[in-house]
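Peer 1: Take a look at the following structure, please.
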Amino acid sequence: MTRVTLKGINKIFPGRDGHPGAHAVRDLDITLEDGTLVTLLGPSGCGKTTSLRMLAGFETPTSGQILIDGRDITHVPVNQRGIGMVFQSYALFPHMTVAENVAFGLEVLDLTRAEITRRVGEVLELMDLSALAGRAPAQLSGGQQQRVALARTVVTEPDVLLFDEPLSNLDAQLRERMRDELRLVQQRLGITSLYVTHDQSEAMAISDRVIVMRDGRVEQDGPPAEVYAHPRTAFVAGFMGRANILPARVLATEGESLRAELGGVPVTLPRPGSELAPGDAIRVVLRPEQIALSTSGPIRARIERVIFQGGFTEYQLKAGAALWTITDHRHHLHPGHRPGDEIGIDIGSAAAWILPGATD
Amino acid sequence: MTTAPIPRPFSTGLRRIAADPWLFGIFMVLSLLTVIFAILPIASVLVQALRATPTETGSGLGILIERLSAPLIWRAFGNTLLLGASSALISTLTGFLLAFAMTRTPMRGKRTVHMIALLPVISPPFVIALAMILLFGRSGLITRELLGIRGANVYGFHSLVFIQSLAFTPLAYLNIRGMLQSMDSALEDAAATLRASQWTVFRRVTLPLALPGIFSSALLVFVKSIEDFGNPLVIGGSFNTLAVEAYSQLIGYFNVPMGALLASLLLVPSLLAFMIHRHWLAKRSYVTVTGKPTAQEIRLTARRVVWPLAAFCYLYVGLVVLLYGTVVWVSLTKIPGIDWSFSTEHYVRAFTDGLAPLGNSLTIALIAAPVATLAGLVIAYIQTRRRFPGAALLRLGTLLSFAAPGTIIGIGYVSVFNTAPLLLTGTITIIIAAIVVKTVQVGIEAGTNQLRQIDPAIEEAAMILGASNGRIFRRVTAPLLRPAIFTAMAYSFTRGLTTLSAIIFLVSANWTLITVTILNQVETLRMGLAAAYSVILIVIVLSALALLQVALGRGAKQR
Numbered sequence: 000m001t002r003v004t005l006k007g008i009n010k011i012f013p014g015r016d017g018h019p020g021a022h023a024v025r026d027l028d029i030t031l032e033d034g035t036l037v038t039l040l041g042p043s044g045c046g047k048t049t050s051l052r053m054l055a056g057f058e059t060p061t062s063g064q065i066l067i068d069g070r071d072i073t074h075v076p077v078n079q080r081g082i083g084m085v086f087q088s089y090a091l092f093p094h095m096t097v098a099e100n101v102a103f104g105l106e107v108l109d110l111t112r113a114e115i116t117r118r119v120g121e122v123l124e125l126m127d128l129s130a131l132a133g134r135a136p137a138q139l140s141g142g143q144q145q146r147v148a149l150a151r152t153v154v155t156e157p158d159v160l161l162f163d164e165p166l167s168n169l170d171a172q173l174r175e176r177m178r179d180e181l182r183l184v185q186q187r188l189g190i191t192s193l194y195v196t197h198d199q200s201e202a203m204a205i206s207d208r209v210i211v212m213r214d215g216r217v218e219q220d221g222p223p224a225e226v227y228a229h230p231r232t233a234f235v236a237g238f239m240g241r242a243n244i245l246p247a248r249v250l251a252t253e254g255e256s257l258r259a260e261l262g263g264v265p266v267t268l269p270r271p272g273s274e275l276a277p278g279d280a281i282r283v284v285l286r287p288e289q290i291a292l293s294t295s296g297p298i299r300a301r302i303e304r305v306i307f308q309g310g311f312t313e314y315q316l317k318a319g320a321a322l323w324t325i326t327d328h329r330h331h332l333h334p335g336h337r338p339g340d341e342i343g344i345d346i347g348s349a350a351a352w353i354l355p356g357a358t359d
Numbered sequence: 000m001t002t003a004p005i006p007r008p009f010s011t012g013l014r015r016i017a018a019d020p021w022l023f024g025i026f027m028v029l030s031l032l033t034v035i036f037a038i039l040p041i042a043s044v045l046v047q048a049l050r051a052t053p054t055e056t057g058s059g060l061g062i063l064i065e066r067l068s069a070p071l072i073w074r075a076f077g078n079t080l081l082l083g084a085s086s087a088l089i090s091t092l093t094g095f096l097l098a099f100a101m102t103r104t105p106m107r108g109k110r111t112v113h114m115i116a117l118l119p120v121i122s123p124p125f126v127i128a129l130a131m132i133l134l135f136g137r138s139g140l141i142t143r144e145l146l147g148i149r150g151a152n153v154y155g156f157h158s159l160v161f162i163q164s165l166a167f168t169p170l171a172y173l174n175i176r177g178m179l180q181s182m183d184s185a186l187e188d189a190a191a192t193l194r195a196s197q198w199t200v201f202r203r204v205t206l207p208l209a210l211p212g213i214f215s216s217a218l219l220v221f222v223k224s225i226e227d228f229g230n231p232l233v234i235g236g237s238f239n240t241l242a243v244e245a246y247s248q249l250i251g252y253f254n255v256p257m258g259a260l261l262a263s264l265l266l267v268p269s270l271l272a273f274m275i276h277r278h279w280l281a282k283r284s285y286v287t288v289t290g291k292p293t294a295q296e297i298r299l300t301a302r303r304v305v306w307p308l309a310a311f312c313y314l315y316v317g318l319v320v321l322l323y324g325t326v327v328w329v330s331l332t333k334i335p336g337i338d339w340s341f342s343t344e345h346y347v348r349a350f351t352d353g354l355a356p357l358g359n360s361l362t363i364a365l366i367a368a369p370v371a372t373l374a375g376l377v378i379a380y381i382q383t384r385r386r387f388p389g390a391a392l393l394r395l396g397t398l399l400s401f402a403a404p405g406t407i408i409g410i411g412y413v414s415v416f417n418t419a420p421l422l423l424t425g426t427i428t429i430i431i432a433a434i435v436v437k438t439v440q441v442g443i444e445a446g447t448n449q450l451r452q453i454d455p456a457i458e459e460a461a462m463i464l465g466a467s468n469g470r471i472f473r474r475v476t477a478p479l480l481r482p483a484i485f486t487a488m489a490y491s492f493t494r495g496l497t498t499l500s501a502i503i504f505l506v507s508a509n510w511t512l513i514t515v516t517i518l519n520q521v522e523t524l525r526m527g528l529a530a531a532y533s534v535i536l537i538v539i540v541l542s543a544l545a546l547l548q549v550a551l552g553r554g555a556k557q558r
C-alpha cells in the first residue's frame, strides 16, 4: 500500500539579479491512490515537471506538505525517499555497462555480491535485456536505453515511481510500443506512479487518472475518458485533443435538451448541468470525429481543404466566419468531397458538450 | 482566482550550505587560500609600487608621478606591447593557416604535421631561443659555419618576435582548429548549394564564424607573449621588456618599488586583454564547442589552394624540426662552435652533478600537478553545481591569478611570504604554491566545460537511486571528468617543469630548478649542457604525457 499526497503545495522560484521570480506551482492538492498511474499533463511551463521534482526531492516546496502513507517526507533528502525515477534523457551512467547501471542502486543498499547479481539477472530477464548486459549505453538503441533506465529504477523496488517525459526522445512508432511496455510493467509490479507528459494521447493511453495543469494550477483532474468527453474549460478541451469550440447563444431550454443558435442556425443540444437562461452566451465543444458531413445538414459550409491521413480523411470547412474541422473515419465507404464543395454539417445531438460563458 | 501572498524563502543560500556542510567547508578553505596565495600577493605588489623609500619624500601620488617619469619604464612598456602585438599577429595568422589546412584540405601527412606543430607547447619556452643562438649566433651553425659571417647579431627584437611567434603558434593553432572542427560543415555546404564560390564560402561563412576563435587566439598569445620572461632575457639583447626590466630592477639593483611598479604596469595590458576575452568574445561565439568534432567533409581540393597551404605547413614543420634537431645535435657535441665531435659528456654531467635541480623540478611538478588538478575540479564543481554565497571572491581570485603575469606573482610572493606567520621563502611550498596558482585555472575551465556537458540528470539519477554525495562524486562525476583531469594534469605538470617567470624570484640555494639551471648555462655560454638539459626535460614531459594518457585513457570507453 503506497498512497502519495501532495497537500497545498506552492513553489516560488526567487528572482535573481533583477529577474522576477516565478510562481511555478500554486495550491496543488493531489492524491495518488495505491498502485495507480496518474499523469500530469500540460504545456511546457505549466508546473508539471516542478511538481514531479518536488515529489522526487530535487526541489523543496515553498509551502505545503508531501506525504507518503501519511509520513511527511517534505524535507527528507532525495536519496532516502525510496522513490524511483525514469528521466527524459534516461540519464544512464555512460561509463558503466548495462549490468553495472542496473546494479548501482543495489550497491548503495549494501547487499551481498551474490544478491546483487541475482536481482540484476532477474530484472534484465524481465525487461528482455539479458543479451545486452555487457554493453555500454552508447551502444544501445533508444528503446533499449529506455528499458535499461526502467530496469535500473524498478530493481530497487521503490515505493513510488516517477516518469519525466520518458518517451519524448523516441520516434513515433517506438513511442507507442514503449508506452504500452511501461504500463504493463507498472501494472504488473503495482507501483504507485506519477507520469509527466505534454502528449495528450500518451496521457490518455497510459493513465488511470489525468491531471491537466496550466500556469501552475490544476485545471481538471479525472479519468481520461471523462476529461476528454467533459472538459471543464476550453483550454482542457483543446489540450486533450482536437476540438471545434464554437460560440453559440441559448434560445430556450426544453426538458433534457437545449435549443441554441449556432452559426446562424437553431440546433438542439444536450442540456448541461449548469443553469442557463435564454440569451446566455455558451460555447459548444464538438470533437471532429463526432460530427459528420451531410448534404442535408442544417449548417451550410464550404470545404476549404481535404487532408488524407490514411486511417481517416480530415476536412477543413468554413461556415460563415467559423472554421470547422471534421474527420471522416468511414471514408472508404463513400466517395470523398473536394475543396470548394458546398455541403452541410450534421452535429447530431448526443456528443456535444456545452461550456457556459463566452470565455473560460 | 487569487492566492494569498506566500512568504519568500528568506535565504536559499543558507539552505544550500546546510545541505552540504562538508563541501561548504572545502569551499571556505579554498576561498581563504585564494585570498592568501593570489589576491594578497598581487595587492602587495601594487602597494609596494606606491610606497616611498627612505630617500624619497612626499606621498603616494607624487612619488608615483615621479617614478612614472623615468624613460626606462615607457621604453619597456612600449617594447612589451610591440612584442605582444607582433607575436599575436604572426602566431594567429600561422595558427589559422595550419588549422585551415588541417581541417579543410586533403593535405598529406596531417598526423605528422599535427604532432610536430605541438612540440613548442610542451618544451620550455626558451629552448627555441637556445636553438636560435646555436644556429644564428656569433659562432652559429648557419651564420658562421655555413655562411661564414663573423659577428652576426642574433640578439634583439627580430629574433624575439620570431621565437615567440613560433613558440605560441601551437596555442593559436589548437584554438582555431577546435573552432573550425566544431563548425557544422552543413553551413558551408548550404552556402555552396546557394551557388557561392569556394572563395565566397570562405569569405562570407567560414571566416566570420571562425573570427571569435581567431581573436581569442590573438589575445591569448598577446598575454603569453608579454608575460614571457625566458626568451626576452636570453635573446632580447638591449630590447628590454617589462618582465625582464622588473627582474633586473629587483634582483640587479635591489630597487623594490621600481620592480613592483614595472610588474604592476605589466598587469594592466594582461588584465585588459583577459577581460576583453571573457566579457566580449565569449558572447560572440557562434559555435558551441562541444568537444565532440562533428564529421567534416573535405570539399576544398583545388590544387592552387591546397598546394600553397601544404607548402606553408611543411615549411613550418621543417623549421620546428630544424630548431629542435639543432638542440638535440648540440647536446651531443663536445664543445659547440669549436669541437663538433660526438660526445655524451653533457648528458653524463647532467645526470651526475646536475641531478639535483632535475629531481627538484620533478618533485615540484609531481606535487603541484595533482594539487592544481584537484583544486581546479573541485572549484569547477562548486561553481557549476552549487552556488554558495560568496563564490564571486573565489572566481575573482582564480581569474586574477591566471591573468596576472608570473612576474607579479613572483614578486608578490617574495614580499608577502617573507615574514611570520607566512614565512615560506626558500621553501618548496612557495614554489609549488606559485605553480598551482598559475595553473589552477586550466583545471577550472576544463572541469567547467566537462561538467556543462554532463547532463545533471545523470547525477540526479544516482541520487534518487540512494547514493550519497560522496558516492556520486566517486562513482559517477569523477569518472566522467576524466578528460578534464587529463587536460589539467598535463598542463600543470608541463608548466610545473618548464615555467620560469614566477619561480625565478622564488628559487633558493636549497631549491633550484631545472629551468633556472638551463638559463644559467645559457648565460655562461655552456650551450652543450643547456641543450642536454633541455632534451632531458622534453623527454620527461613527453613520457609523462604518454603515461598519463595510458593511465587515464584505460576504461574510457564512453561516448
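So the sequences go chain by chain: A and B. Under numbering that gives the first Met the number 0, the letters of the first sequence match residues 0 to 359, in that order. Under numbering that gives the first Met the number 0, the letters of the second sequence match residues 0 to 558, in that order. Where a beta carbon is used, it is the ideal one built from N, C-alpha and C, also for glycine.
So what's residue 75 (chain A) in DSSP terms, helix, strand or just coil?
Peer 2: If DSSP states are grouped into helix, strand and coil, residue 75 (chain A) belongs with coil.
Peer 1: Any beta-carbon of chain A closer than 7 Å to the one on residue 212 (chain B)?
Peer 2: False, the Cβ-Cβ gap to chain A never drops below 7 Å.
Peer 1: Which residues in chain B have a C-beta closer than 8 Å to the C-beta of residue 78 (chain A)? List them in chain order.
Peer 2: Result: 462, 463, 464, 465, 466 and 467.
Peer 1: List the residues of chain A that residue 478 (chain B) touches, going by C-beta distances under 7 Å, in chain order.
Peer 2: Simply 94.
Peer 1: Candidates B:324, B:20 and B:31: which alpha carbon is nearest residue 392 (chain B)'s?
Peer 2: Out of B:324, B:20 and B:31, B:31 has the C-alpha closest to the C-alpha of residue 392 (chain B).
Peer 1: For residue 115 (chain B) versus residue 319 (chain B), is the C-beta spacing smaller than 7 Å?
Peer 2: Cβ atoms of residue 115 (chain B) and residue 319 (chain B): closer than 7 Å.
Peer 1: How many angstroms separate the CA atom of residue 301 (chain A) from the CA atom of residue 284 (chain A)?
Peer 2: Answer to the nearest angstrom: the Cα atoms are 20 Å apart.
Peer 1: Excluding the 5 residues flanking residue 234 (chain A) on each side, which residues of the same chain have their C-beta closer than 7 Å to its C-beta?
Peer 2: Contacts found: 213, 218 and 359.
Peer 1: Would you mind giving the Cβ-Cβ distance between residue 388 (chain A) and residue 328 (chain A), rounded to the nearest angstrom? I have them listed as a contact below 8 Å.
Peer 2: The question about residue 388 (chain A) has no answer here: the residues shown for chain A are numbered 0 through 359.
Peer 1: Using the C-alpha atoms, what's the distance from residue 194 (chain A) back to residue 186 (chain A)?
Peer 2: If you take the alpha carbons of residue 186 (chain A) and residue 194 (chain A), they lie about 14 Å apart.
Peer 1: Assess, as a yes-or-no matter, whether the segment 108-119 of chain A is touched by the segment 168-186 of chain A under the definition of 3 or more beta carbon pairs within less than 8 Å.
Peer 2: Judged by Cβ distances under 8 Å, the segment 168-186 of chain A makes no contact with the segment 108-119 of chain A, as fewer than three pairs qualify.
Peer 1: Evaluate the contact criterion for the segment 129-146 of chain B versus the segment 87-94 of chain B: three or more CB pairs, one atom per stretch, below 8 Å.
Peer 2: Touching, no, given that fewer than three Cβ pairs across the two stretches are closer than 8 Å.
Peer 1: Quick check on residue 72 (chain A): buried or exposed, where buried means 16 or more other Cβ atoms within 10 Å of its Cβ?
Peer 2: Its Cβ being crowded by 16 or more others within 10 Å, residue 72 (chain A) is buried.
Peer 1: Is there at least one Cβ from chain B nearer than 7 Å to residue 84 (chain A)'s Cβ?
Peer 2: Yes - at least one Cβ of chain B is within 7 Å of the one on residue 84 (chain A).
Peer 1: Curious, which full-length alpha helix (DSSP H) runs of at least 4 residues does the segment 19-95 of chain A contain?
Peer 2: Whole alpha helix (DSSP H) segments, 4+ residues: 47-55.
Peer 1: Three or more C-beta pairs closer than 8 Å, one from the segment 497-505 of chain B and one from the segment 219-231 of chain B: is that the case here?
Peer 2: Touching, yes.
Peer 1: Helix, strand or coil: how does DSSP classify residue 308 (chain A) here?
Peer 2: Note: residue 308 (chain A) maps to coil in three-state DSSP.
Peer 1: Give the secondary structure of residue 5 (chain B) by DSSP, where H, G and I count as helix, E and B as strand, and everything else as coil.
Peer 2: Because the pLDDT of residue 5 (chain B) is 41, which lies under 50, any placement of that residue in the model is unreliable, and the number read from its coordinates should be weighed accordingly. DSSP places residue 5 (chain B) in coil when its eight states are reduced to three.
Peer 1: State yes or no: is the C-beta of residue 433 (chain B) within less than 7 Å of the C-beta of residue 408 (chain B)?
Peer 2: Contact: yes.
Peer 1: Please go through the same chain and pick out, in chain order, the residues whose beta-carbon is closer than 6 Å to the beta-carbon of residue 53 (chain A), but skip the five residues on each side of it.
Peer 2: Contacts found: 60.
Peer 1: Using a threshold of 7 Å, state whether the C-beta atoms of residue 312 (chain B) and residue 97 (chain B) are closer than that.
Peer 2: It is a contact, given that the beta carbons lie within the stated cut-off.
Peer 1: Taking DSSP as the reference, what is the three-state secondary structure of residue 21 (chain B)?
Peer 2: Three-state result, residue 21 (chain B): helix.
Peer 1: I want to verify the contact list: residues of chain B whose CB lies under 7 Å from the CB of residue 57 (chain A), in sequence order.
Peer 2: Here the neighbours are 459.
Peer 1: Name, please, each residue of chain A whose Cβ falls closer than 8 Å to the Cβ of residue 470 (chain B).
Peer 2: The answer, in chain order, is 107.
Peer 1: What does residue 210 (chain A) pair with, by DSSP beta-bridge criteria?
Peer 2: According to DSSP, residue 210 (chain A) bridges with A:39 and A:220.
Peer 1: Judging by CA-CA distance, which residue of A:67, A:136, A:209 and A:95 is the nearest neighbour of residue 38 (chain A)?
Peer 2: Nearest of A:67, A:136, A:209 and A:95 to residue 38 (chain A), Cα basis: A:209.
Peer 1: Nearest to residue 277 (chain A) by CA position, among A:9, A:248, A:206 and A:205, is which residue?
Peer 2: Closest by alpha carbon: A:248.
Peer 1: Would you report the Cα separation of residue 122 (chain B) and residue 465 (chain B), rounded to the nearest angstrom?
Peer 2: If I take the Cα positions, the gap works out to 47 Å.
Peer 1: Cβ of residue 321 (chain A) within 7 Å of Cβ of residue 286 (chain A)?
Peer 2: No; because the gap between Cβ atoms is not below 7 Å, this pair is not in contact.
Peer 1: If you drop the 5 nearest sequence neighbours on each side, which residues of the same chain put their C-beta closer than 8 Å to that of residue 221 (chain B)?
Peer 2: Closer than 8 Å at Cβ, skipping near neighbours: 83, 84, 86, 87, 268 and 272.
Peer 1: Taking the alpha helix (DSSP H) that residue 279 (chain B) belongs to, which residues open and close that run?
Peer 2: Where residue 279 (chain B) is concerned, there is no enclosing alpha helix (DSSP H), given that its DSSP letter is neither H nor E.
Peer 1: Can you look up residue 9 (chain A) in the DSSP assignment and give me helix, strand or coil?
Peer 2: Here residue 9 (chain A) sits in strand by DSSP.
Peer 1: DSSP three-state label for residue 270 (chain A), please.
Peer 2: Coil, per DSSP.
Peer 1: Between which two residues does the alpha helix (DSSP H) containing residue 76 (chain B) stretch?
Peer 2: That run of the alpha helix (DSSP H) goes 70-103.
Peer 1: Express the C-alpha separation of residue 51 (chain A) and residue 30 (chain A) in angstroms, rounding to a whole number.
Peer 2: Between residue 30 (chain A) and residue 51 (chain A), the C-alpha separation is close to 13 Å.
Peer 1: Once DSSP output is grouped into helix, strand and coil, what is the label at residue 179 (chain A)?
Peer 2: In this structure, residue 179 (chain A) counts as helix in the three-state DSSP scheme.
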